[in-house]
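Presented below is the structure to which this report refers.
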Amino acid sequence: MSSNYLDIIRPGINTTFQDKGRDHLYHIGIPFSGAMDNRNYLIANKLVNNNLDSAVIEFAYQGPHIKYSGEKINCAITGDVIFSIKKKDTEIEGNCYESYQIENGDEINIISTNKSVYGYLALGGEFDLKFQWNSCSINTKANIGSNDGKKLDVGQRINLKKINSNKDIKKTNYINTKIENIRVIKGTNFDYFSEEGKKIFYEKEFTVSKLSDRMGMRLEGPKIDNIVNTNIKSEGLIKGVIQVPADGNPIIMLSDHGTIGGYPKIGVVASVDYDRLVQMSPGSKIKFKEINLSDAENLFKLYEMETQNLLSQI
Amino acid sequence: MIKNISNLGDAALYCDFGNEVNKSINSQVIKYFKTIKEKKFEGINNLTPSYNKLIISYDLKKTNFKEVKNYVENINAQDSKDINSKKLEIPVCCHENFSMDIKRLEEILKLSREKILENFLNKEYFCYMTGFIAGMPFLGDLDENMRAQRLETPRVKVPKGSVALTEQFANIYTFESPGGWNILGNTPLDIFDSSKEDTPNLINPGDTVIFKEITLDQYKNYNE
Chain A
147 MSSNYLDIIR PGINTTFQDK GRDHLYHIGI PFSGAMDNRN YLIANKLVNN NLDSAVIEFA
207 YQGPHIKYSG EKINCAITGD VIFSIKKKDT EIEGNCYESY QIENGDEINI ISTNKSVYGY
267 LALGGEFDLK FQWNSCSINT KANIGSNDGK KLDVGQRINL KKINSNKDIK KTNYINTKIE
327 NIRVIKGTNF DYFSEEGKKI FYEKEFTVSK LSDRMGMRLE GPKIDNIVNT NIKSEGLIKG
387 VIQVPADGNP IIMLSDHGTI GGYPKIGVVA SVDYDRLVQM SPGSKIKFKE INLSDAENLF
447 KLYEMETQNL LSQI
Chain B
880 MIKNISNLGD AALYCDFGNE VNKSINSQVI KYFKTIKEKK FEGINNLTPS YNKLIISYDL
940 KKTNFKEVKN YVENINAQDS KDINSKKLEI PVCCHENFSM DIKRLEEILK LSREKILENF
1000 LNKEYFCYMT GFIAGMPFLG DLDENMRAQR LETPRVKVPK GSVALTEQFA NIYTFESPGG
1060 WNILGNTPLD IFDSSKEDTP NLINPGDTVI FKEITLDQYK NYNE
C-alpha cells in the first residue's frame, strides 16, 4: 500500500493522465497522444520540480475535485483555470502558474477552464502508472495507456510511488495569449478545391464546433467546395492536418487522431500555433493565414526558444 | 521508386509513389518504410506507409524538412532485404448474427449470399497497410464483382472483429469503433493486442491473409 494517494471525488468531464506521448507507432495505427498543450504541460512539471516528461493530470472544461492523503507535496495548475484549495480550516482561490504545498486531507477543486479547453495539474512526485510503449498517456479510443486507457472516474484512488524531496515553491507570470489567426501551410490536396473555396478558406471566419475532442476539431462556417474528388486513396495523417470531407466543413486532426484518412487535405496547421489552437473552445472564431515552410520553421524555432526561456526562469 | 517528395505541414515529408493502387507500388512503399525504420534516423518519429504514399513525420526541434528529404533521397531501399512476410489464415463466421450488411451487398453486387461468400473466402489477400484504428489491416484486392461503396451513413459502433468490405479492400475492426464499411462476418481472433508491445498487430503490411469460414458453434468455442 502506498501511503501517498489521491481520491477522486469528482472526475470532471474529460480527465486523463498525459505525458510527452508515444512515437514510432503510426504504422500500426496508434497516434501520438500526449498532452494537448505541450507548453503548459512542461510548465506544470517545472513548477513542482518534476522531470519535464513526468505524467500530469489533463482536464478539459470542468476539472476534477480530488482529495490528497499523505506527506506534504507540491502541486501546480497551468492553463487558464479556476480552482480552489481547501485546507483544514480555510479555502483559498488558487492561481495558475504558482505552486502550492498541500498536506494530508487537503482538497483541490478544479472548477473549470476559463474561455479555453485544457488545463494541467502536476504533483511534485511520480504517479504510480502503467506505461505502454514508453508513455502513460491515455488514449480513450483505443483504450491504451494508464488507467486501462479510460478517463478518470469517481471514487478512484491514484497512488504516488515517489515524492520529490525538492519542495521549493515556484511561480511564474505566464499569460496564455489568444490568437485569432491560425497559420497554415498549404495542404497536399489544395488544388482539389474551387477558386472560391480556396478564397473562403483564407478569408472567411470559421467557428469551432461542439463536436471537438482530443481526436479532432470540427469547424463550421461557409462550405469549402471541392471540384476534383471528395475522397482520396487513404493515406497517413499527422496532427494539424485540415481535412475537408464532402460536406465542405473542415476538420483539424488533433493529438489522438486516426492515423489514416481519406479526405482531401486543404492545409496543415503550423507547429508554432498548435498549443494555442487546441485551447480554442467551441464557439471561438478561427481565421486561417497562409505561411510558407521556411517561415513556419523559423517561427517554431522562436516559439521553442521562448518555451525554453520560460522554463529556465522557473 | 518515390516519384515526388513534398512537405506535409512543417513536420512531415510526403512521399508519393504514384497514383495507382497495386501490389508492386505498395511493395515499394513497404520497402522504404522498413529500410528507414531500421536505420533510425535521429529526429524521425513516425512513418505511415499507405497504398501509394509514405508519410515521414519528424521532431521539428531536432531536424527539418531539408535534412530529412536529403536523407530519404539518398537511401537505397532496393538493397534492403525482401519484405519479410507471413501467410495467415483468419477464421471468419458469416452467420446472420454477424453479417449485418449481407442484404445490402446482395443488392449492390447483384449476387446471392452463397456467391458472395464463395468469391470472398479461401483467396489470398495482400495487406497494404494497417491503421486508422490500431491494428486495422487493409487487405486487397477483392474480385472486380465484389466492390461496393461505403455506407452512406457510417455506423456509430461497429462490433469488434467485424470483417468488412469497401471498394477493392477488406478490413477487420480490431476493436469497437465507428465505421462505414459493409460488414460480412466476424472473426474470433484478436487482431490487435496492446499487451504485446513488440508485436501488437497480428497482420502487418506485406502479409498475406486467407479467410476460412467457421460455423457459429466453432466461433463460440473458438477461445475455449
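Chains A and B are the protein sequences, given in the same order. 147 is the number of the first residue of the first sequence in my numbering; add one for each residue after it. 880 is the number of the first residue of the second sequence in my numbering; add one for each residue after it. Built from N, CA and C at the ideal position, the CB exists for glycine as well.
| query | Are the beta-carbon atoms of residue 383/A and residue 399/A separated by less than 8 Å? | reply | yes
| query | Of all the CB atoms in chain A, is at least one closer than 8 Å to the CB of residue 893/B? | reply | yes
| field | Distance, residue 905/B Cα to residue 1078/B Cα | value | 22 Å
| message | Using 8 Å as the threshold, is the C-beta distance between residue 1082/B and residue 1006/B below it? | response | yes
| Counting Cβ pairs, one atom from each stretch, are 3 or more of them under 8 Å apart for the stretch 436-449 of chain A and the stretch 321-330 of chain A? | yes
| task | May I ask you to list, following chain order, the residues of the stretch 279-292 of chain A that have a beta carbon less than 8 Å from some beta carbon of chain B? | result | 279, 287, 288, 289 and 290
| Ranges of the beta strand (DSSP E) found wholly within the stretch 332-357 of chain A, counting only runs of at least 3 | 352-354
| Positions along the stretch 430-453 of chain A whose CB lies within less than 7 Å of some CB in chain B | 439, 442, 443, 446 and 450
| From the DSSP output, which residues share a beta bridge with residue 1045/B? | 1048/B
| said: Measuring CB atoms only, is the stretch 387-405 of chain A touching the stretch 943-950 of chain B, in the sense that at least three cross pairs come out at less than 8 Å? | reply: no
| field | Proximal residues of chain B, C-beta to C-beta of residue 401/A below 8 Å | value | Here the premise fails: no neighbours, minimum Cβ distance about 13 Å.
| request: With 8 Å as the limit, tell me which residues of the stretch 365-391 of chain A have their beta carbon closer than that to any beta carbon of chain B; keep them in chain order. | output: 379, 380, 381, 382, 383, 384, 386 and 387
| request: Would you mind working out which of 162/A, 228/A, 305/A and 317/A sits nearest residue 274/A, comparing C-alpha positions? | output: 305/A
| said: At a CB distance below 8 Å, what residues from the stretch 994-1013 of chain B approach chain A? Give them in sequence order. | reply: 1008, 1009, 1010, 1011, 1012 and 1013
| Can you name the residues of chain A whose CB is closer than 7 Å to the CB of residue 889/B? | 331, 416, 417, 439, 442, 443 and 446
| message | Does the contact criterion of 3 or more C-beta pairs under 8 Å hold for the stretch 351-361 of chain A versus the stretch 890-909 of chain B? | response | no
| With residue 299/A and residue 154/A assumed to form a contact (beta carbons below 8 Å), what rounded beta-carbon distance in angstroms separates them? | 7 Å
| If the cut is a Cβ gap below 9 Å, which residues of chain A does residue 927/B touch? | 172, 173, 381, 382, 383, 384, 405 and 406
| task | Within its chain, find whatever has a CB closer than 8 Å to the CB of residue 972/B; leave out the 5 residues flanking it on each side and keep chain order. | result | 1064, 1065, 1066, 1067, 1092, 1093, 1094, 1095, 1097 and 1098
| request: Could you name the residues of chain A that residue 1076/B contacts, counting a contact when the two beta carbons are closer than 8 Å? | output: 278 and 279
| request: Go ahead and label residue 287/A buried or exposed: buried means 16 or more other beta carbons lie within 10 angstroms of its beta carbon, across all protein chains shown. | output: buried
| said: For residue 1025/B, tell me which candidate among 1010/B, 969/B, 999/B and 890/B has the shortest Cα-Cα distance. | reply: 999/B
| task | Note down, one range per segment and in chain order, each alpha helix (DSSP H) of at least 4 residues found wholly within the stretch 973-1047 of chain B. | result | 981-988 and 992-999
| So what's residue 211/A in DSSP terms, helix, strand or just coil? | strand
| field | Beta-bridge pairing of residue 895/B - partner residues as DSSP gives them | value | 883/B and 932/B
| said: So with CB distances below 7 Å, who are the chain B contacts of residue 169/A? | reply: 924 and 925
| Who are the near neighbours of residue 978/B in its chain, counting only those whose CB is closer than 6 Å to its CB and skipping five residues on each side? | 1063 and 1064
| message | What does the Cβ neighbour count give for residue 206/A, buried or exposed, with the cut at 16 atoms within 10 Å? | response | buried
| query | Using the beta-carbon of each residue, which ones in chain A are nearer than 7 Å to residue 1079/B? | reply | 174
| Given 8 Å as the limit, is there contact between the stretch 227-234 of chain A and the stretch 342-352 of chain A, that is, 3 or more CB pairs closer than that? | no
| message | Distance cutoff 8 Å, beta carbons only. Does residue 939/B sit that close to anything in chain A? | response | yes
| field | Outcome for residue 1084/B when other beta-carbon atoms lying within 10 angstroms are tallied against a minimum of 16 | value | buried
| Would you call the CB atoms of residue 1037/B and residue 1058/B closer than 8 Å? | yes
| field | Interfacial residues, the stretch 333-363 of chain A to chain B, with Cβ spacing under 7 Å | value | 334
| task | Identify the contact partners of residue 932/B in chain A, using a Cβ-Cβ distance below 7 Å as the criterion. | result | 381 and 382
| task | List the whole-angstrom C-beta distance separating residue 891/B from residue 937/B, where the pair is believed to meet the contact cut-off of C-beta under 8 Å. | result | 7 Å
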